[in-house]
Amino acid sequence: MTLDRVCKRFGGVVAANEVSFSLSPREVHGLIGPNGSGKTTVLNLISGVTEMDSGNIWLDGQLISKQPCHVRARGGVSRTFQHPRLLKRCDIQTNLYLGIDLANMKQKSMTSCGYTLSELLDAAGLSINMNDSITTLSYGQQKLFEIVRAILSHPKVILLDEPAAGLNSKEMERVVALIDCAVKGDAAVLLVEHSMDLVMSLCNGITVLNFGRPIAEGQPEEIQSNEAVIEAYLGRGRSA
Amino acid sequence: MLKINNLYAHYGNIEALHGVSLEVGNKDIVALIGSNGAGKTTLLRAISSLVTRNGEICYNGENIEKQSPRYIAKAGLLHVPEGRHVFPGLTVQQNLEVGSVSWRGIKNASVAEDLERVFSLFPRLEERRKQYAWSLSGGEQQMLAIGRAIMGRPKLLMLDEPSMGLAPKVIDELFVKILEINSMGVPILLVEQNALLAMEVSQKVYILEGGRIVLQGDSKDIINDARVKEAYLGKLKEKVV
Amino acid sequence: MMANKKAFWIITILAAVLAITIPLTASNYMLRVVNMTMITYICVLSMFVVFGMAGQISFAQAGFWGVGAYITAILTTKLGVSPLLALIASGAGAAIVAFIMGLALFRLQGHYFGFSTIGLVMILNGVFQNWKPVTGGADGIGNIPAFSIGSFELSSETSSFFLIFVVSVTISIVTQKLHRSALGRSFMAIRDNEIAAKCMGVNSYRNKIIAFTIAASYCGIAGSLFAFLASYISATTFNFAQSSLYLVMLMLGGYNYLAGPMIGTALLMLLPEWFRPLQEYIMLIYGVGVMLLMVVMPEGLIGGGKKLYAIMQSKRGWATTQAKNDIR
Amino acid sequence: GSSEKATTDDKNKPIRIGVVSSLTGERALHGQYTRNGIQLAVEEINAQGGINGRKLEAVFEDDNGNDAGAVNAFNKLSGSNVAVAIGPIFSTMNLAMSPGIKKAEIPTLVIGSSNDIGNQKNPWMFQARTNDAISATAIAKYAANQLKLKKIAIMHDTDNFASGAAAVAKKALEDLNLPPVLIVAYNSGDKDFTPQLAKIKASGADGILAWSQQTEAGLIMKQKKALDLNIPLIGSNSYVTKIAIDLAKENAEDVYSVADYVTSTPIPKGQEFAKKYKEKYKIDSEFNAAMTYDALYLAAEALKKAGSTEKEAVKKAMSSIKDFVGVSTTFTFDENNRGGTGVWIVQTKKGNPVVIEAVKGR
Amino acid sequence: MVWQLIIASLAMGIVYGMVAMGMVLIWRAVGVVNFAQGEFLMLGAFAAYTLTLQLGLPQGAALATCALLMGLVGVVYHFITYWPLRKSWDITVIISTIGASIALKEVATLVWGPAPLAVDPIVHGIAKLGEAAIEWQFIVTIGVAALLMAAIFILLERTYLGHILQATAQDQYAAAMIGIPVVLATGLTFAISALITGVGGMLLAPLFFVTTTMGGITGLKAFAAVIIGGFGSVQGAIIGGLLIGFVDTFAGAYISTTYRDAIVFLCLILALVVRPQGIFGEKIAEKV
Ligand SMILES: Nc1ncnc2c1ncn2[C@@H]1O[C@H](COP(=O)(O)OP(=O)(O)OP(=O)(O)O)[C@@H](O)[C@H]1O
Ligand SMILES: Nc1ncnc2c1ncn2[C@@H]1O[C@H](COP(=O)(O)OP(=O)(O)OP(=O)(O)O)[C@@H](O)[C@H]1O
Ligand SMILES: CC(C)C[C@H](N)C(=O)O
Ligand SMILES: [Mg+2]
Ligand SMILES: [Mg+2]
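Read top to bottom, the protein sequences are chains A, B, C, D and E.
Anchor point for the first sequence: position 109 equals 526 in this note's numbering, and the numbering is continuous, going up by one each time.
Anchor point for the second sequence: position 147 equals 401 in this note's numbering, and the numbering is continuous, going up by one each time.
Anchor point for the third sequence: position 106 equals 112 in this note's numbering, and the numbering is continuous, going up by one each time.
Anchor point for the fourth sequence: position 276 equals 906 in this note's numbering, and the numbering is continuous, going up by one each time.
Anchor point for the fifth sequence: position 202 equals 204 in this note's numbering, and the numbering is continuous, going up by one each time.
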């Protein structure tokens, strides 16, 4: 997947300003930056929740930036949300399978994707009953569940918005395991996260945004020592 | 200053706390950690009387078990909730002014001094005083939530996951401010997922699991406890830090 | 799953028993009440599809009911079309109106769609009442023939019962299938979280229009049945209050369960019969009853019943569902 | 249904007469008058020994003030073994009930005034009222000939009764070579008539003919004054009903109307009724009460003539009623079952309608 | 004629505005649409009848008493329809208000009877303005309504108490936490809402008589005003009310006297399609 000079403004706020980067299959790409720097906005633009002002997005050589949200989802873009958005009044089964129904995944067998549902649930540390109401899951479980659901439709790109927010370090390991599964299934992962532990240990490449504009791109090590990034985002305190 | 003894809390018929005891001293920062769903938020809500509770809650020697949220806020026990909960349709300044409701009621008392105090602590908020709260960034909203609590003239501040969703740099700045507030003589009860950070700034730690305190002690000791390392710091931490 | 199967059979058998016993035992008047109840039930099912499943509040359903009734009335009295054809045309006509309105109105998000349907029902009502050459204006349309197939006429209350019964059972089954289908699941996804649904690949704009159209076709059919049964129709029947009544019935029964519409409709339609001596207070009882039931059972009778069942099963069950609503 | 094989009439029990009226809903006040009128008549007849040796009993069913309710109420009655039924004064409700009446084959007296009621040619439905073809023509003639109005505006409700009557009046005016300068309509339940009245004012009309139900009549009289529109108003029966005059108060002064019954009716029987009614209920009698009182006596007359409660016989007897003097007018049923034969032109003076001319229809 | 219509539409518009403003207040306080707002109007009108004609209070005292009583009605209403349901889905509250609207109509029928009632105006007679004539009561209505609406607007937007009420409306959980007595704040908002609409009813009573059904269509048109003005906006409610009054009257005079309600609602739909957020939009946007 490739983003080419993607822009979005809200009134006076430029939330995404000429954002360009690309993802290859099996890559985990980090997207970091200060609060309000436009990370979520970029995910919204990729998944089609918000329309972009200018720029292009290609997936597998196909221009998707003019497609509506649901077409992109069927074409292999799946995502999670900063606050879990689950189907509150549906049972777990409906929550899980809806995406699969629609991505026309029925014909492909799960195992050919490199993982099974139970493997995924194991990785997430979730033991659930399919007929239970979704509200029986705690906040952390809901976040993990959303990732499982996103992976399950066997997408080409998975967009994760702060999957580890509100999870403790132990629980973050589950996120890591899930992302591993996704990579095994040949998906590319775009990870938005504030937990540097997670980002630095997982990502192959990182893009740093500030005021909607990319200020650095590179390997985790380069980013960690980049002056501009330290200035804008990491800070010099404890973590330096 | 705050002494909790054998506290139970309920959501409907579900019991979320099963007899928690905890103490916050006069100048302390006390950290409370535990995994998701352990009951940390519930404990703070119970102290603020926002859930059904029973057990002894002694605040400055007075048992406030039966009191209303308003009484408790008035007494200076202020709570910065998980997820910020600023008033989105009010401006920054209006949010702060409303924060003083606990001590001034609906009277038009002067709050200029209190506002000054908050603005000197968080200059960012002063720049945005006319902006609606919903349009603030996550970090700014967190500052606003804390600022609003400070407007209530806290004698004890409870912070619920202040670092959630914030950029590392902002977290650093925020914790500097938290320490600053503490140094002004306000004891703090801090709930944090980032256990390492929490233990670094606090003097005392309680670990809550399944609605019970499973471990407590001085932060310096607990931080080196192998069990804690295993349970809350995880392998990731070791790899990177 | 098992429980659902069992429930399905219980309902089927119950329906069969009712189909045989009601016409044999009920007076003509009670049969008329039952017939009206079933017609209303179809409209409430329509509310179930558009609101219960797809989460779009619609106050236009009584308007579509009227569209169906008028189509049948006009086709049979003025153009001499056969009743069966008129029945089908009514369903289709209401669906077409809904489809066209849906194209425009579903550009609106969230509550705003619901608000616009209030406008829709008022406009439809205005047209029924004032488009004299076509709808007869305030005079309405009378002398609508009874339903017939070929030369076999269903003019008695009993034969109408069978017609309406068969249609409502058919529509119930269609709804049941819809509820289980991928399309139905996508409706529910839209109801619960439209943005998430979109990101899972649901074409929410299209599917909302589909739900609205399907629902309107139910109402159109119900309207046609009503026209045949009443043989006189006029504008005052098809108004906003009627639509909100459907909503109330659905919510009282339980919006998230297929049996909800049935229970809610039966309760409110038969209520006046039960409280006949209190005729003057019936509307008061009704209004206060609705308020009380909402307080006691916000999830409707079925939801509330399930909770009670859960209490009996284990005390915890009640608590979880209760507690999760605690903080919004 | 099983009730078809209803128990054959028990000769020792009273004869049941069903009454559909508005006991609840916006029109519940009508229901009160109806109930009073019916009950007064029933008591009188029973005091004189009843009909064919049997007492009468009135059974009331609520129509909720709307068409669907009226249909429902009639259905309820048709299942409860009534010999004759009496319908409400609202034409649209009568028309809504018509198919049901035909199906149930119960001789039914309805009190709406619309011309369409007779046009239904429903052999079981009888109009116990003077119909609008007569009264609307009378109004038009009175306006043109007596009041010498030249530029007349017509205002009417869109319901069946009012729009039908307005059409008759329009035709009558055209026949008199005085086509109306303006016709404006409104929907039942409207509250604000400023646009209509302002249009009439702007049209330069020198008089208004209006057909309305009572509440609207009250509002129209009031708003006409408020707009400083000082031209004569000649209204339908509603304009001199107690309900409308009580609402419009001083604004009802001098308004003309065509009425079936007013307390000052010249008919002796009517005056007697007014007295009895006032004695019994401590309030003035009123159009609703008088019409239903008449309807009940008509029913009794038919039952008496038929000598049984057999439906076909009662129907026959009803159609043959001739020159029956009621409290409102004289009734003779024609081939279309239209009964009433005349109305009164009245004018409100000091809050009371007084008769100024009699109109004979047939 | 135009002048005549303008004055009439202004008076009607301001009454729609008062009902609309009441709706907006409740919407902002607890996030639900109150389908019984029109019945507050009706209650206010009946109160006018009882206070002036049955109890013989002078007009000024009656107005004040009516305002007080309606405030009380608002508080009671709050505790019956909203408070027990505050934690459940908002649609259940809406259903509850639909139930309340039916029940209130019936209570009114039981207390005051089904017949329409006439009420004396505060100031008798008609005023002549050039070729147009208008009842003094209309002018009084416009005056009192404008004053009251301005007062409430200032209270909400400019005073500290108003900010407290707004804060509670926006986040009850946080409001409780910082020490706002939430019951009082929501109850007070309901009281103000019922008060303004009820006073609207009292002013309207002498103009259109008092009936138990007077709230229905007025309520729906006021609701249209709320939407056209922009959901949740107090200014919007006023402007929307005036617009609806204008369309209502002028459509009646120049387009069709019988389709006028339909035209009003057609305008509502057009307005929604063209500008869904209404004239003054919603201040708070949803972030993804
Ligand atoms: N729907 C919207 N309307 C107006 N402004 C918006 C909207 N969505 C986002 N913004 C603005 O765009 C900027 C970028 O927001 P975004 O949510 O993308 O930040 P982020 O990088 O995800 O921050 P965080 O780390 O706090 O989640 C912010 O200033 C925000 O206020
Ligand atoms: N509103 C509620 N209704 C019912 N149960 C609740 C509610 N809030 C929390 N719980 C339950 O109470 C328990 C404690 O939850 P609490 O929110 O206090 O955990 P926490 O320690 O703050 O977790 P986190 O780190 O995720 O914030 C959990 O099992 C949770 O499911
Ligand atoms: C006089 C009115 C009260 C009734 C009118 N005659 C009608 O038939 O509708
Ligand atoms: Mg974000
Ligand atoms: Mg928590």
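For each residue, glycine too, the CB sits at the ideal point set by N, CA and C.
Query: Work out the CA separation of Val-73 (chain C) and Ile-147 (chain C) for me, nearest whole Å.; Result: 13 angstroms
Query: For ligand 4, is there a heavy atom less than 7 angstroms away from the beta-carbon of Gln-853 (chain D)?; Result: no
Query: Tell me whether Lys-483 (chain A) counts as near ligand 5, meaning its Cβ is closer than 7 angstroms to at least one heavy atom of that ligand.; Result: no
Query: Can you tell me whether Thr-259 (chain E) is helix, strand or coil according to DSSP?; Result: coil
Query: For Leu-503 (chain A), go through chain C and note every residue whose CB falls closer than 8 angstroms to its CB, in chain order.; Result: Asp-198, Asn-199, Ala-202
Query: Which word fits His-126 (chain E), buried or exposed, when buried means at least 16 other C-beta atoms lie within 10 angstroms of its C-beta?; Result: exposed
Query: Let me check understanding here. Comparing Cα to Cα, which of C:Ala-13, C:Trp-280, C:Phe-244 lies closest to Thr-141 (chain C)?; Result: C:Phe-244
Query: Given a cut-off of 8 angstroms, decide if Phe-376 (chain B) and Lys-431 (chain B) are closer than it, judged by their beta-carbon atoms.; Result: yes
Query: Which same chain residues, not among the five before or five after Val-984 (chain D), have their C-beta less than 7 angstroms away from its C-beta?; Result: Ser-894, Val-976, Gln-977
Query: Using a Cβ cut-off of 8 angstroms (strictly closer), state whether Arg-383 (chain B) contacts chain E.; Result: no
Query: Sort D:Ala-943, D:Tyr-891, D:Ala-936 by Cα distance to Ala-758 (chain D) and report the nearest one.; Result: D:Tyr-891
Query: With a 10 Å radius around its C-beta and 16 neighbouring C-beta atoms as the bar for buried, classify Arg-422 (chain A) as buried or exposed.; Result: exposed
Query: Which residues bound the alpha helix (DSSP H) around Asn-259 (chain B)?; Result: Note, Asn-259 (chain B): premise wrong, no alpha helix (DSSP H); beta strand (DSSP E) at 256-265.
Query: Does any C-beta atom of chain E lie closer than 8 angstroms to the C-beta of Asn-267 (chain B)?; Result: no
Query: May I have the straight-line CA-CA distance separating Gln-285 (chain C) from Val-649 (chain D), to the nearest angstrom?; Result: 15 angstroms
Query: Is DSSP giving Val-495 (chain B) helix, strand or coil here?; Result: Because Val-495 (chain B) sits at a pLDDT of 31, beneath the cut-off of 50, its placement in the model cannot be relied upon, and the following sentence gives the value as read from the coordinates. Reduced to three states, the DSSP call for Val-495 (chain B) is coil.
Query: Could you have a look at Arg-422 (chain A) and say whether DSSP puts it in helix, strand or coil?; Result: strand
Query: Which same chain residues end up closer than 6 angstroms to Val-440 (chain B) when comparing Cβ atoms and leaving out the 5 residues on each side of it in sequence?; Result: Pro-408, Leu-411
Query: Of the residues C:Trp-71, C:Lys-12, C:Ser-178, which one's Cα is nearest the Cα of Gly-226 (chain C)?; Result: C:Trp-71
Query: Using a beta-carbon distance below 8 angstroms, is Tyr-79 (chain E) in contact with chain B?; Result: no
Query: Should Gly-232 (chain E) be labelled buried (16 or more other beta-carbon atoms within 10 Å of its own) or exposed?; Result: buried
Query: According to the neighbour-count rule (16 or more other Cβ atoms, all chains shown, within 10 Å of its Cβ), is Ala-280 (chain C) buried or exposed?; Result: A small fix is needed here, since residue 280 (chain C) is Trp in this sequence, not Ala. Answer is exposed; the Cβ neighbour count stays below 16.
Query: Quick check on the DSSP output: the alpha helix (DSSP H) that includes Glu-691 (chain D) runs from which residue to which?; Result: Element bounds for Glu-691 (chain D): not the alpha helix (DSSP H) but the beta strand (DSSP E), 686-692.
Query: Along the alpha helix (DSSP H) that carries Ala-13 (chain E), what are the first and last residues, could you check?; Result: 4-32
Query: What in chain B is Cβ-close to Gly-231 (chain E), meaning under 9 angstroms?; Result: None at all; the shortest Cβ gap to chain B is about 16 angstroms.
Query: How many whole angstroms separate the CB atoms of Val-340 (chain B) and Ala-387 (chain B), which I take to be in contact at a CB cut-off of 8 angstroms?; Result: 4 angstroms
Query: Let's test the definition: count the other Cβ atoms within 10 Å of the Cβ of Thr-31 (chain C) and tell me whether it reaches 16, buried, or not, exposed.; Result: exposed
Query: Taking the alpha helix (DSSP H) that Pro-208 (chain E) belongs to, which residues open and close that run?; Result: 184-210
Query: Are the C-beta of Leu-608 (chain A) and some C-beta of chain C separated by less than 8 angstroms?; Result: no
Query: Does ligand 4 have a heavy atom nearer than 7 angstroms to the CB of Thr-624 (chain A)?; Result: no
Query: Hey, Arg-197 (chain C) and Asn-705 (chain D): beta-carbon distance below 8 angstroms or not?; Result: no
Query: Are the segment 112-132 of chain E and the segment 647-662 of chain D touching, with three or more C-beta to C-beta distances below 8 angstroms?; Result: yes
Query: Quick check on the DSSP output: what are the complete beta strand (DSSP E) runs of length 3 or more inside the segment 648-736 of chain D, in order along the chain?; Result: 686-692, 714-716
Query: Run through chain E and tell me which residues come within less than 9 angstroms of Tyr-816 (chain D), C-beta to C-beta.; Result: Gly-254, Thr-259, Thr-260, Arg-262
Query: Checking contacts by CB at 8 angstroms: is Met-289 (chain C) closer than that to chain D?; Result: yes
Query: What does DSSP give as the partner residue(s) for Asn-308 (chain B) in the beta ladder?; Result: B:Tyr-262
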